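Asker:
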Amino acid sequence: MSTRTLQQIIRGVATSDGAGVKLRRSIGAQPGLRLDPFLMLDEFGTENPDDYIAGFPPHPHRGFETVTYMIDGHMRHEDHMGNVGELKSGGVQWMTAGRGVIHSEMPQQESGRMRGFQLWINLPANEKMKPAAYRDIPAAEIPQVDLPDGGSVKVIAGSVQIGGQRTAGPINPTPDTLATDPLYLDITLPAGGSFTQPVHAGYNAFAYVYEGSVTIDGKAVPQYSAGVLGDGEQVTLQAGDAGVRAVLIAARPLHEPVVQYGPFVMNTREEIEQALADYRNGTLAA
Ligand code: CO
Numbered sequence: 009m010s011t012r013t014l015q016q017i018i019r020g021v022a023t024s025d026g027a028g029v030k031l032r033r034s035i036g037a038q039p040g041l042r043l044d045p046f047l048m049l050d051e052f053g054t055e056n057p058d059d060y061i062a063g064f065p066p067h068p069h070r071g072f073e074t075v076t077y078m079i080d081g082h083m084r085h086e087d088h089m090g091n092v093g094e095l096k097s098g099g100v101q102w103m104t105a106g107r108g109v110i111h112s113e114m115p116q117q118e119s120g121r122m123r124g125f126q127l128w129i130n131l132p133a134n135e136k137m138k139p140a141a142y143r144d145i146p147a148a149e150i151p152q153v154d155l156p157d158g159g160s161v162k163v164i165a166g167s168v169q170i171g172g173q174r175t176a177g178p179i180n181p182t183p184d185t186l187a188t189d190p191l192y193l194d195i196t197l198p199a200g201g202s203f204t205q206p207v208h209a210g211y212n213a214f215a216y217v218y219e220g221s222v223t224i225d226g227k228a229v230p231q232y233s234a235g236v237l238g239d240g241e242q243v244t245l246q247a248g249d250a251g252v253r254a255v256l257i258a259a260r261p262l263h264e265p266v267v268q269y270g271p272f273v274m275n276t277r278e279e280i281e282q283a284l285a286d287y288r289n290g291t292l293a294a
């Protein structure tokens, strides 16, 4: 099997979003740093309530999916469909904005650590206007598989094969059920530990390091950075001296034009104008 090399390191840059939540943005920090179909990866991680307390008051999305993975902390999601989701440590919120969603994500803690990720995954043209959907996945529904030589893997989307045993995550699509067919793993390795995962050839993939460091094909990816992988059929992550915690994320690229205006991601400018008009007249999320 061909092994993926490390092609590029995208360091997370400090930014803020919502009502002033401090974030590190890597994938998508600039339009040239998108990785089809990934539009953006934000990591939030802080012990300081001032960095998160303002949260994300009601705001719209159209044309893609948002995946929020809470490692530590508690936020409440509310949307125009009447969904209320308590996003707690280890839980995932998988939201398909489709034709339109208006939601808020507000902290439910006034102190302590808040840490996690929000990933934006694009939808293909023929799925951008599908009905909005929301799925709340508590930590208990996300399998954690121990590795034979130490460490563990949480399977959020896609599947792993470890010790002859296949384990699928709660999101386990095929290209027929979800065009982007994503893989999303949260990997913990001790110092010197390693983990090899098959990744479909042709899919775009990256590993984002949020603790420690990792080596891929002989090159180190430092903390708070996304290591974008070259093509191939598998990838091996080798933990650095302090071990590593990283997410490994892959998906099938869409090869479509991307026109983004803030929280609206469509294929053409006309479709963006329509999204803005629909939002103004109250029919975006109806
Ligand atoms: Co949002």
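Each residue of the sequence shown is one higher than the one before, counting from 9 in the numbering used here. We treat Cβ as the ideally placed atom computed from N, Cα and C, and that holds for glycine. In this text the structure is predicted, and so the values were computed from the model without any measurement.
Is His88 near the ligand CO, with its Cβ less than 7 Å from a heavy atom?
Answerer: No, the ligand CO has no heavy atom inside 7 Å of this Cβ.
Asker: Can you check the region 37 to 87 for any beta strand (DSSP E) of at least 3 residues that lies completely inside it and give the ranges in chain order?
Answerer: For the region 37 to 87, whole beta strand (DSSP E) runs of length 3 or above, ordered along the chain, are 46 to 54, 64 to 69, 72 to 80 and 82 to 87.
Asker: Okay, do the region 165 to 182 and the region 122 to 139 touch, 3+ Cβ pairs below 8 Å being the bar?
Answerer: In short, these stretches do not touch, since the Cβ pair count stays below three.
Asker: Can you give me the C-alpha to C-alpha distance between Met103 and Lys227, rounded to a whole angstrom?
Answerer: Cα-Cα distance, rounded: 34 Å.
Asker: Can you tell me whether Gly93 is buried or exposed? The criterion is at least 16 other CB atoms within 10 Å of its CB, across all chains shown.
Answerer: By the 10 Å Cβ count, Gly93 comes out buried.
Asker: Roughly how many angstroms lie between the CA atoms of Phe72 and Ala199, to the nearest whole one?
Answerer: About 37 Å.
Asker: Give the secondary structure of Leu262 by DSSP, where H, G and I count as helix, E and B as strand, and everything else as coil.
Answerer: The answer is coil: DSSP assigns Leu262 none of H, G, I, E or B.
Asker: Please report how far the alpha carbon of Pro261 lies from the alpha carbon of Asp239, in whole angstroms.
Answerer: Their backbone Cα atoms lie some 12 Å apart in a straight line.
Asker: Of the residues Arg12, Glu278 and Asp154, which one's Cα is nearest the Cα of Pro265?
Answerer: Answer by Cα proximity: Glu278.
Asker: By Cβ distance below 7 Å, which residues in the same chain neighbour Gly20 in space, the five residues on each side in sequence not counted?
Answerer: Contacts found: Arg32, Arg33, Ser34, Glu51, Tyr232 and Ser233.
Asker: Using a strict less-than 7 Å threshold between each residue's beta carbon and the heavy atoms of the ligand CO, what residues do you get?
Answerer: In chain order, the hits are Phe64, His67, His69, Thr74, His111, Glu113 and Pro271.
Asker: Counting only runs that start and end within the region 144 to 184, where is the beta strand (DSSP E) found for 3 or more residues in a row?
Answerer: Here the runs fully enclosed are 152 to 154, 160 to 165, 167 to 170 and 173 to 176.
Asker: For Asp58, count neighbouring C-beta atoms within 10 Å of its own C-beta (all shown protein chains included) and say buried if the count is 16 or more, exposed if not.
Answerer: Its Cβ having fewer than 16 others within 10 Å, Asp58 is exposed.
Asker: Drop a sphere of 10 angstroms on the beta-carbon of Thr204, count the other beta-carbons inside from all chains shown, and report buried for 16 or more, exposed for fewer.
Answerer: Classification of Thr204: exposed, given that the 10 Å Cβ count is below 16.
Asker: So, do the region 145 to 155 and the region 103 to 117 have three or more beta carbon pairs nearer to each other than 8 Å?
Answerer: Flag = no, the region 145 to 155 and the region 103 to 117 do not touch.
Asker: Report yes if the C-beta distance between Phe46 and Val255 is below 8 Å; otherwise report no.
Answerer: Cβ atoms of Phe46 and Val255: not closer than 8 Å.
Asker: For the region 217 to 294, list the alpha helix (DSSP H) runs that are entirely contained and at least 4 residues long, ordered along the chain.
Answerer: Listed in chain order, they are 277 to 288.
Asker: Is Ala215 helix, strand or coil when you go by DSSP?
Answerer: Strand.
Asker: Among Ala250, Asp144, Gly28 and Gln38, which has the Cα closest to the Cα of Arg84?
Answerer: For the residues Ala250, Asp144, Gly28 and Gln38, the minimum Cα distance to Arg84 belongs to Asp144.
Asker: Give the DSSP-derived three-state secondary structure of Asn130 in the structure shown.
Answerer: In the structure shown, Asn130 sits in a strand (DSSP, three-state: E or B).
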